[in-house]
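To keep things clear, I will list the structure first and then write my remarks on it.
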Amino acid sequence: MAGPSIDALGQFRLTTGLGPIGHAVNFTNSNEMMLLSVGLIIVAFGLTLRTRALVPGRMQSLVETLYEFVHGMCVDTIGEEGRKFFPLVFTLFIFILLGNLLGLFPYFFAYTSGIVVTLAMAMFVFLFSTAVGFYIHGFKFLKFFVPAGVPGWMLPMLVPIEIISYLSRPVSLSVRLFANMTAGHVMLEVFAGFMILLTASLGVFGVVASIIPLGLNIALMGLELLVACLQAYVFAILTCLYLHDAVHMH
Amino acid sequence: MSRLFTTASLTSGVALGLLAQAGAAHASSNMPQMDFSNPLNGSQVVWLVIILVVLYLILSRWALPGVGAVLATRSQRIQRDLDAAHAAKVEADAAVAELHAAIKSARDEANAEVARATEAAKAAAAEQAAALSARLDVQLEKAEAEIAAARHQALTAIRPIARETAALLMTRLTGQALDEAQLNQGIHDALAARGLA
Chain A
-4 MAGPSIDALG
6 QFRLTTGLGP
16 IGHAVNFTNS
26 NEMMLLSVGL
36 IIVAFGLTLR
46 TRALVPGRMQ
56 SLVETLYEFV
66 HGMCVDTIGE
76 EGRKFFPLVF
86 TLFIFILLGN
96 LLGLFPYFFA
106 YTSGIVVTLA
116 MAMFVFLFST
126 AVGFYIHGFK
136 FLKFFVPAGV
146 PGWMLPMLVP
156 IEIISYLSRP
166 VSLSVRLFAN
176 MTAGHVMLEV
186 FAGFMILLTA
196 SLGVFGVVAS
206 IIPLGLNIAL
216 MGLELLVACL
226 QAYVFAILTC
236 LYLHDAVHMH
Chain B
252 MSRLFTTASL
262 TSGVALGLLA
272 QAGAAHASSN
282 MPQMDFSNPL
292 NGSQVVWLVI
302 ILVVLYLILS
312 RWALPGVGAV
322 LATRSQRIQR
332 DLDAAHAAKV
342 EADAAVAELH
352 AAIKSARDEA
362 NAEVARATEA
372 AKAAAAEQAA
382 ALSARLDVQL
392 EKAEAEIAAA
402 RHQALTAIRP
412 IARETAALLM
422 TRLTGQALDE
432 AQLNQGIHDA
442 LAARGLA
């Protein structure tokens, strides 16, 4: 392969961040972005709580909108018990949302495009909701795998299906987020790489022809913004649904 | 036009070629996310857990209660203002009702006053009219009596005048005195014919 080529997956390569100290404790570039997200969250909430304006400004409106959006989602989906889980759902939602959005900036690492990161969060949601189920209902929670109103002879078939679908929850939850983010970033990088390659190999014609991948990338960026918000919402609403199942068992 | 076509076909050809090249590159290199032999892949999860726990503590202890308090304060303030506005409206409605009642009672009073005054005026007028008509009746009666007396006087006076005149005329015309009884009979007939007898 002569000349430049598209390395669409290099953007996902982990390196160590924060200089020699980070190197010593294997602090990665994805963790740097996580710290940036946390920093932005603290700044946003700090600005809101410093003014505590009766009539909110832009930053306060944004924070309040996010608060009320996630709070409404928890209460609507889980019920009144959802208030207890609101900080947890909000933490996951804002962390994933900022990871998705920050990842769209050039040279920024999208930590939600790592399967181990999404799987860790999904496994936590899965284990936590299961623990909540057993905590509230005790061993009666196992009845969750026995669908109500089904003839007895069908149960040997249905119970394993229910168990498998339950166990597949963390997989689908993590792969959905990881695959969406990875696919989006690969496509963005491939189209951007086309522009470089076209210019390098075709000269002036290449520059003119680069308009096509550029336009595609602009459209794609709009789509990725939507996906970034949507996937954070999907992760949060599914967390709420799993917690609803654990609390109400139906 | 042909140049555009050439450019477009060249572009798509190159794009297809690059896609194939990129595909080959993908196939040859594994995804870094799936490279579990990389120690950084595991260590980022450890740091993820630490960062998420810290974030959760910050949000649940400080940030979210703070924003919740701001929102609660605002909704309380709005509720208080709404209540105040509602109370003011009730008060204003009561004042308006009071005003209407006052206007109504004043109007009723005025109407009663007007009715009373009209009644009094009517009564006074009727009294006056009765007194006037009584006086007029008396005067009328007196006048009628006077007229009757005058008429009687005139009628009693007309007979001798007529007789003397008739006697004088007959004497002048015939030169002899007229029979007194005949003259009286004629005058009586003439007066009776005129309804004056």
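Residue numbers (the working numbering), protein chains in the order written: chain A, -4 to 245; chain B, 252 to 448. Backbone N, C-alpha and C define an ideal beta-carbon position, used for all residues, glycine too. Because the structure is a prediction, the values reported are computed rather than measured.
Would you list the one or two residues that DSSP bridges to T11 (chain A)?
-> A:T23
Cα-Cα separation, A115 (chain A) to D240 (chain A) | 21 Å
Which word fits R45 (chain A), buried or exposed, when buried means at least 16 other C-beta atoms lie within 10 angstroms of its C-beta?
-> exposed
Please determine, among A:V20, A:H180, A:G210, A:S124, the residue with the shortest C-alpha to C-alpha distance to A223 (chain A).
-> A:H180
Is the shortest distance between the beta-carbon of L9 (chain A) and the beta-carbons of chain B less than 8 Å?
-> By this cut-off, L9 (chain A) is an interface position.
How about I232 (chain A) and T72 (chain A): are their beta carbons less than 8 Å apart?
-> yes
Cβ shell of A385 (chain B) (< 7 Å), same chain only, five flanking positions each side left out | none
Buried versus exposed call for N362 (chain B) [16 or more other C-beta atoms within 10 Å across all chains shown] | exposed
Report the residue from A:L193, A:F90, A:L236, A:L209 whose alpha carbon sits nearest the alpha carbon of V300 (chain B).
-> Checking every option, the nearest Cα to that of V300 (chain B) belongs to A:F90.
From this set, A:V154, A:I213, A:I191, which residue's C-alpha is nearest D2 (chain A)'s C-alpha?
-> A:I191
At least one CB of chain B closer than 8 Å to the CB of F104 (chain A): is that the case?
-> Among the CB atoms of chain B, none fall inside 8 Å of the CB of F104 (chain A).
Out of A:F139, A:K135, A:L122, which has the shortest C-alpha to C-alpha gap to H245 (chain A)?
-> A:F139
Proximity below 8 Å, CB of T422 (chain B) to CB of A428 (chain B) = yes
Indicate whether the contact test is met: 3 or more Cβ pairs, each with one atom in the region 128 to 139 of chain A and one in the region 52 to 68 of chain A, closer than 8 Å.
-> no
Give a yes or no on whether the minimum CB-CB distance between V112 (chain A) and chain B is below 8 Å.
-> yes
Residue ranges of each alpha helix (DSSP H) run of no fewer than 4 residues wholly in the region 166 to 226 of chain A, ordered along the chain?
-> none
Identity of the residue in A:Y161, A:F173, A:G14, A:A187 nearest A105 (chain A) by Cα | For the residues A:Y161, A:F173, A:G14, A:A187, the minimum Cα distance to A105 (chain A) belongs to A:F173.
Classify M176 (chain A) as buried or exposed, calling it buried when 16 or more other Cβ atoms lie within 10 Å of its own Cβ.
-> buried
Sort A:T10, A:C235, A:A39 by Cα distance to E324 (chain A) and report the nearest one.
-> The displayed coordinates of chain A run from -4 to 245. Any statement about residue 324 (chain A) would go beyond what the structure contains.
Cβ pair T86 (chain A), L310 (chain B) closer than 8 Å = yes
Can you give, in chain order, each stretch of the alpha helix (DSSP H) that sits fully within the region 53 to 99 of chain A and has at least 4 residues?
-> 53 to 73, 77 to 98
Compare the C-alpha of H452 (chain B) against each of B:A418, B:P316, B:Y307, B:R410 and name the closest.
-> Look at the range of chain B in this structure, 252 to 448, and you will see that residue 452 (chain B) is not part of it.
Would you please state the rounded distance, in angstroms, between the beta carbons of L49 (chain A) and R312 (chain B)? I believe it to be under 8 Å.
-> Actually they are not in contact, since the Cβ atoms of L49 (chain A) and R312 (chain B) sit about 24 Å apart, beyond 8 Å.
For M152 (chain A), is the classification buried or exposed, using 16 other Cβ atoms within 10 angstroms of its Cβ as the cut-off for buried?
-> exposed
Where T324 (chain B) and I206 (chain A) are concerned, what is the direct C-alpha to C-alpha distance, given to the nearest angstrom?
-> Note on geometry: alpha-carbon atoms of T324 (chain B) and I206 (chain A) lie some 53 Å from one another.
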